[in-house]
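One structure is given below, encoded as structure tokens.
There are 2 protein chains.
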Amino acid sequence: MPERLIASLPTPAALVDLDRMEANLRRMQEYATRHGLGLRPHTKTHKTRWIAERQMELGARGLTVATATEAAALAPATDDLLLAYPTFGARARAAAESAARRTTLVALDSIDAVHALRQAVNDAGAGEVGVLVELDVGMRRCGVSGAEQAIAVAQACGDGVPYRGLMFYPGHIRDMLSVQDDALASLARTLDAVVDALGEADLAPEIVSGGSTPTAFRSHELPHQTEIRPGTYVFNDRTSAGLDACGLDDCAYTILATVISTAVAGQAVVDAGSKALSSDPIRAPALEGFGQLLGRPEVTVDRMSEEHGVLDLSLTDWRPRLGERVRIIPNHVCVSVNLQRELHGVRGEAVERSWRLDATGWGA
Amino acid sequence: MPERLIASLPTPAALVDLDRMEANLRRMQEYATRHGLGLRPHTKTHKTRWIAERQMELGARGLTVATATEAAALAPATDDLLLAYPTFGARARAAAESAARRTTLVALDSIDAVHALRQAVNDAGAGEVGVLVELDVGMRRCGVSGAEQAIAVAQACGDGVPYRGLMFYPGHIRDMLSVQDDALASLARTLDAVVDALGEADLAPEIVSGGSTPTAFRSHELPHQTEIRPGTYVFNDRTSAGLDACGLDDCAYTILATVISTAVAGQAVVDAGSKALSSDPIRAPALEGFGQLLGRPEVTVDRMSEEHGVLDLSLTDWRPRLGERVRIIPNHVCVSVNLQRELHGVRGEAVERSWRLDATGWGA
């Protein structure tokens with residue numbers, strides 16, 4: 004088959020630099036191994052079974068998913084699955100179904116969710132689902148707020164849904180990697196207190212699961228953690244780079260786009276807007292816009308419509324011609340991937356493989 | 004077949020109230036007919052052929068699309084298609100392919116785009132594609148900035164790509180419907196000047212295509228317009244209601260979600276986040292958040308993660324129980340629809356029909 008070139012793809016198109024991705028996967032696994040931490044990548048970033056398989060080959064302890072769709076599509080890549088989401092409805096059924104085939108865990112924060120999970124496990128009639136009690140460590144999203152509630156949820160477990168430990172997500176830590184000291188010290192105190200209290204209640208956690216991409220490379224500074232669950236690191240994005248969790252050169256995922264209008268002075272418009280990049284803002288200090296160009300980091304996507312991205316040319320002498328192509332690093336790769344029908348794995352100018360996402364869309 | 008109920012759907016799920024949708028479609032068509040304006044709905048909002056067919060049945064002049072995918076999927080519903088986007092690559096080919104079967108127009112703003120379109124029309128070897136010259140009337144996205152440039156682009160037309168008129172998009176007008184007077188007066192002056200100049204150059208536009216959902220019901224106040232292209236009106240959304248372009252009761256599209264955590268005090272978390280609602284901000288004065296509850300408009304989605312929406316309960320005494328379901332009106336329906344695998348048409352508690360989008364994803 005003749006080599007396919009990036010230049011032959013219709014735009015917008017989602018490209019994955021396969022060499023950069025492999026380096027990202029290896030770097031995180033090596034870090035985790037060096038520090039005796041299990042790596043349980045969150046697969047919501049890539050939603051792709053072959054990448055999940057590669058993560059397992061490189062040494063991951065297991066995989067993390069958020070939805071029933073992701074569980075069905077990605078669980079076959081592992082023998083140790085965590086559905087990191089409270090269990091009601093389809094998610095409880097997905098966990099129970101997975102449990103017949105592999106070690107399966109869920110994370111939840113209420114006795115009601117324990118009951119819903121137990122019901123689903125009983126209905127499925129095979130296997131058991133381990134429970135991690137989710138602890139809120141400052142993000143104020145899900146999670147029990149302290150030891151007393153954690154103990155109550157843990158004590159509701161058993162009988163098909165055994166208590167296995169704790170999960171937390173340090174998503175509130177959005178400082179640059181080098182200035183996370185205070186946030187990590189505070190988190191360490193929280194973990195110490197809760198783990199001590201659980202121990203006193205004869206509920207010492209066997210698993211303590213934490214970790215996000217922005218904090219990943221400082222995970223070894225936290226006590227008690229047995230595993231980490233970064234997701235974004237597989238591709239990285241403008242936010243990861245803005246927080247120094249990676250360099251811009253470690254961003255493996257870009258949106259290929261074509262310049263379609265230069266009629267309005269001082270800008271150029273490309274055919275990738277919020278339906279390709281997503282409208283997530285950048286979550287790193289002192290940065291704005293919705294993406295920035297590979298190879299021209301001074302050029303950002305200043306505004307978007309659904310199918311239009313407006314490039315700010317005020318910091319560059321570059322004046323693109325109509326029809327010219329650019330590659331854009333998005334703010335938040337997980338939500339951009341979720342918008343794609345297909346990803347294209349590239350090396351240099353060649354498209355080496357193209358694939359549909361195995362778990363499309365959200366939810367259920 | 005037994006009746007399917009909304010209660011049987013896994014969440015999150017995208018629901019379309021079929022009665023509200025039908026009323027929205029009729030209201031806009033009646034308005035356009037009453038004022039002698041053609042209605043050419045933008046189908047990027049629904050991406051659904053049967054809805055496009057219903058728009059045509061009710062009296063639409065034709066349909067608007069933004070991408071090659073939309074053109075292929077939705078053009079069969081009409082004999083008069085506008086691809087409202089500059090023509091390079093796949094879009095130029097899609098326009099040329101459509102031209103063999105129906106009246107086909109594109110809107111563009113450069114001589115280069117005229118040439119790319121002509122090349123595609125010549126390559127396809129059948130039909131011709133009419134050109135609307137896009138005029139920037141204040142949004143500063145695409146569009147020539149005045150009569151001189153419009154004349155230059157129009158004069159580059161002909162020979163397979165005949166000049167047919169003007170297109171503009173008043174997307175910069177984001178005032179409440181009742182206070183658009185100044186913006187509309189300014190737009191009227193712009194249109195007068197450009198149409199006069201085109202007439203003097205023997206390029207009087209046969210078609211002048213304008214209109215957005217926020218301005219739609221004041222379209223009759225603008226001179227020269229022959230047709231309008233609202234899209235959002237089919238479903239409406241929180242932004243449309245916030246601008247008084249509709250009432251909250253005219254919002255036909257909601258995301259059905261389940262309360263999955265109440266562990267953090269003062270809030271409830273549902274299983275619909277940015278991967279179901281999109282992270283588009285609301286574009287109406289004095290409103291915040293990412294959605295609001297059907298039947299409980301005082302409850303908004305305050306924050307989101309990909310699979311989590313955090314409901315702000317500070318303005319209500321309502322305290323949802325875990326597992327309870329809610330329906331959320333999103334800020335911007337077009338980008339929420341684009342995230343769905345399937346839409347569910349409902350009347351009361353019954354799911355009357357479910358369908359996959361005919362044109363998924365963005366671009367090309």
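Heads up: the protein sequence lines correspond to chains A and B, in order.
Note that the numbering used here has the first sequence beginning at 4, numbered continuously upward.
Note that the numbering used here has the second sequence beginning at 4, numbered continuously upward.
Using N, Cα and C, we set each Cβ at its ideal position, and we do this for glycine too.
Going by Cα to Cα distance, which pick from B/C337, B/D112, B/R96 is closest to B/A159?
The shortest C-alpha to C-alpha distance from B/A159 to any of B/C337, B/D112, B/R96 is the one to B/D112.
Limits of the beta strand (DSSP E) - the one that A/W358 falls within
Annotation for A/W358: the continuous beta strand (DSSP E) segment containing it runs 353-359.
Could you tell me whether the Cβ atoms of B/A260 and B/G312 are closer together than 8 Å?
Result yes, Cβ atoms of B/A260 and B/G312 sit closer than 8 Å.
Under 8 Å, Cβ to Cβ, is there at least one residue of chain B near A/W365?
Residue placement at A/W365 cannot be trusted, given a pLDDT of 40 that sits under 50; the coordinates are not used to answer.
A/A63 - DSSP class collapsed to helix/strand/coil:
When DSSP states are grouped into helix, strand and coil, A/A63 belongs to the coil group.
With burial defined as no fewer than 16 other Cβ atoms inside 10 Å of the residue's Cβ, what is the status of A/M170: buried or exposed?
Buried, because 16 or more other Cβ atoms sit within 10 Å of the Cβ of A/M170.
Please classify A/E131: does DSSP put it in a helix, a strand, or coil?
DSSP, reduced to helix, strand and coil, places A/E131 outside both helices and strands of the structure shown, so it counts as coil.
So, does the stretch 127-147 of chain A touch the stretch 263-280 of chain B, judging by three or more C-beta pairs under 8 Å?
Two segments are said to touch when three or more pairs of C-beta atoms, one from each, lie closer than 8 Å; by this definition the stretch 127-147 of chain A touches the stretch 263-280 of chain B.
Following the continuous alpha helix (DSSP H) through A/M31, name the residue where it begins and the one where it ends.
Its alpha helix (DSSP H) spans residues 21-37.
When the Cα atoms are used, what is the spatial distance from A/G366 to B/A150?
Note on A/G366: pLDDT 37, under 50, position unreliable in the model; the coordinate value appears next. Each residue's Cα considered, the two are about 49 Å apart.
Which of the three DSSP states, helix, strand or coil, is assigned to B/A367?
The predicted model places B/A367 with a pLDDT of 35, which falls under 50 and marks its position as unreliable; any figure quoted below should be read in that light. Of the three classes helix, strand and coil, the one that applies to B/A367 here is coil, per DSSP.
Note down, one range per segment and in chain order, each beta strand (DSSP E) of at least 3 residues found wholly within the stretch 244-269 of chain A.
Fully enclosed beta strand (DSSP E) runs of 3 or longer: 256-264.
Quick one: using the 10 Å Cβ neighbour count with 16 as the cut-off for buried, is B/M179 buried or exposed?
The Cβ neighbour count for B/M179, taken over all protein chains shown within 10 Å, is under 16; the residue is labelled exposed.
Could you tell me which whole beta strand (DSSP E) segments of length 3 or greater appear in the stretch 321-351 of chain B?
Fully contained in the stretch 321-351 of chain B are the following beta strand (DSSP E) runs of length 3 or more, in chain order: 328-333, 345-350.
Taking the straight line between their C-alpha atoms, what separation do you get for B/A153 and B/L84?
So the two alpha carbons sit approximately 22 Å from each other.
Comparing C-alpha positions only, which one of A/I332, A/K278, A/R324 sits nearest to A/R299?
Comparing Cα positions, the closest option is A/I332.
Suppose you measure from the CA of B/D3 to the CA of B/Q122; what does that come to, to the nearest Å?
Because chain B in this structure spans residues 4 to 367, residue 3 of chain B falls outside the shown range and cannot be described.
CB A/L40 to CB A/G62, shorter than 8 Å?
Not in contact: A/L40 and A/G62 (Cβ atoms no closer than 8 Å).
What number of angstroms, rounded off, separates the C-alpha of B/S181 from the C-alpha of B/L290?
Using only the alpha carbons, I get a separation of about 17 Å.
Between B/N341 and chain A, is any beta-carbon pair separated by less than 8 Å?
Chain A, which has a Cβ nearer than 8 Å to the Cβ of B/N341, makes this yes.
Identify every run of the beta strand (DSSP E) within the stretch 166-209 of chain B, keeping only runs that are complete inside it and at least 3 residues long; order them along the chain.
Counting only runs of 3 or more, we get 166-171.
Limits of the unbroken beta strand (DSSP E) element including A/A93
For A/A93, no beta strand (DSSP E) encloses it; the enclosing alpha helix (DSSP H) starts and ends at 92-102.
DSSP three-state call for A/E301: helix, strand or coil?
In this structure, A/E301 counts as strand in the three-state DSSP scheme.
For A/A93, decide whether its Cβ has a neighbour in chain B, counting only Cβ atoms nearer than 8 Å.
Yes, because at least one Cβ of chain B sits closer than 8 Å to the Cβ of A/A93.
Give a yes or no on whether the minimum CB-CB distance between B/C254 and chain A is below 8 Å.
Closer than 8 Å: no.
Pair every Cβ in the stretch 347-366 of chain B with every Cβ in the stretch 68-78 of chain B, then say whether three or more of these pairs are closer than 8 Å.
These segments touch.
Can you give me the Cβ contacts of B/L8 inside the same chain, cut-off strictly under 7 Å, excluding the 5 residues immediately before and after it?
These residues qualify, in order along the chain: E352, A353, V354.
Nearest chain A C-beta to B/C145 closer than 8 Å, yes or no?
Closer than 8 Å: yes.
Quick check on A/L135 - is its C-beta less than 8 Å from some C-beta in chain B?
A/L135 does not count as touching chain B.
Interface residues of chain A facing B/E309 [CB-CB closer than 8 Å]
Scanning chain A for C-beta atoms nearer than 8 Å to the C-beta of B/E309 yields K47, A69, C337, V338, N341, W365, reported in chain order.
Within the continuous beta strand (DSSP E) that includes A/V156, where are the two ends?
Annotation for A/V156: no beta strand (DSSP E) segment contains it, though the alpha helix (DSSP H) segment containing it runs 150-159.
Within 10 Å of its beta-carbon, does B/P288 have 16 or more other beta-carbons around it, so buried, or fewer, so exposed?
Here B/P288 is exposed, its C-beta having fewer than 16 other C-beta atoms within 10 Å.
Would you mind telling me which residues of chain B sit closer than 8 Å to A/I263, beta carbon to beta carbon, in chain order?
Correct list: Y88, P89, F91, A116, C145.
Check whether chain A comes within 8 Å of B/V267, counting only Cβ atoms and requiring the distance to be less than that.
It does: the Cβ of B/V267 has a partner Cβ on chain A nearer than 8 Å.
Contacts of A/V313 in chain B (Cβ-Cβ under 7 Å):
One finds R144 in chain B with Cβ atoms closer than 7 Å to the Cβ of A/V313, taken in chain order.
Out of B/E25, B/I54, B/G348, which has the shortest C-alpha to C-alpha gap to B/L18?
Nearest of B/E25, B/I54, B/G348 to B/L18, Cα basis: B/G348.
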